[in-house]
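Down below is the structure, laid out as structure tokens.
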């Protein structure tokens with residue numbers, strides 16, 4: 188379980204690699220550390236084009252994080268319908284959406300005070 192910034196940076200880097208490995212789209216990191224009363228330090232948000240791709244992204248992240256930094260999520264929910272899967276790594280929470288669900292909940296706007304970093308992909 189991640190506790191300090193160094194571990195969070197390594198975890199985020201590994202999560203991003205897992206997302207990119209299966210071509211997750213529209214990747215964004217929200218830094219929540221400057222906001223009071225947040226449940227974690229970072230959100231990593233991305234989307235897949237189908238239930239299959241959403242599950243592939245989740246599996247890729249889980250496998251890569253487990254192999255690379257020997258960490259596992261504290262909790263995962265949403266894999267049954269794979270429209271919005273939440274992976275809780277304590278200080279880093281990953282949201283993997285299908286596009287229409289991401290647009291509906293619009294988490295980026297809800298956390299509009301967070302520092303946002305968009306990740307450029309080459310695919």
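Numbering (our numbering), first residue to last: 188 to 310.
Glycine included, every Cβ here is placed at the ideal spot set by N, Cα and C.
Spatially closest choice to residue i from the options, by CA coordinates
i: residue 302; options: 223, 217 and 262; result: 217
i: residue 226; options: 195, 236, 277 and 242; result: 277
i: residue 236; options: 287, 228 and 294; result: 287
i: residue 241; options: 289, 199 and 294; result: 289
i: residue 195; options: 275, 271, 244 and 298; result: 275
Residue i and residue j closer than 8 Å at C-beta
i: residue 210; j: residue 310; result: yes
i: residue 208; j: residue 251; result: yes
i: residue 273; j: residue 280; result: yes
i: residue 266; j: residue 201; result: no
Residue i in three-state terms, based on DSSP
i: residue 291; result: helix
i: residue 213; result: strand
i: residue 307; result: coil
i: residue 273; result: strand
i: residue 299; result: coil
i: residue 198; result: helix
i: residue 234; result: strand
i: residue 221; result: coil
i: residue 190; result: Bear in mind that the predicted position of residue 190 carries a pLDDT of just 45, short of 50, making it unreliable; the figure below should be weighed with that in mind. Coil.
Same chain, Cβ closer than 6 Å to residue i, five either side skipped, listed in chain order
i: residue 304; result: 216
i: residue 238; result: 269
i: residue 247; result: 205, 208 and 209
Close-in-space but distant-in-sequence residues of the same chain around residue i (CB under 8 Å, 5 per side omitted)
i: residue 214; result: 203, 206, 207, 231, 232, 233, 305, 306 and 308
- Task: Evaluate contact between the stretch 218–237 and the stretch 250–261, counting only Cβ atoms and requiring at least three cross-stretch pairs below 8 Å.
- Result: No, the stretch 218–237 is not in contact with the stretch 250–261.
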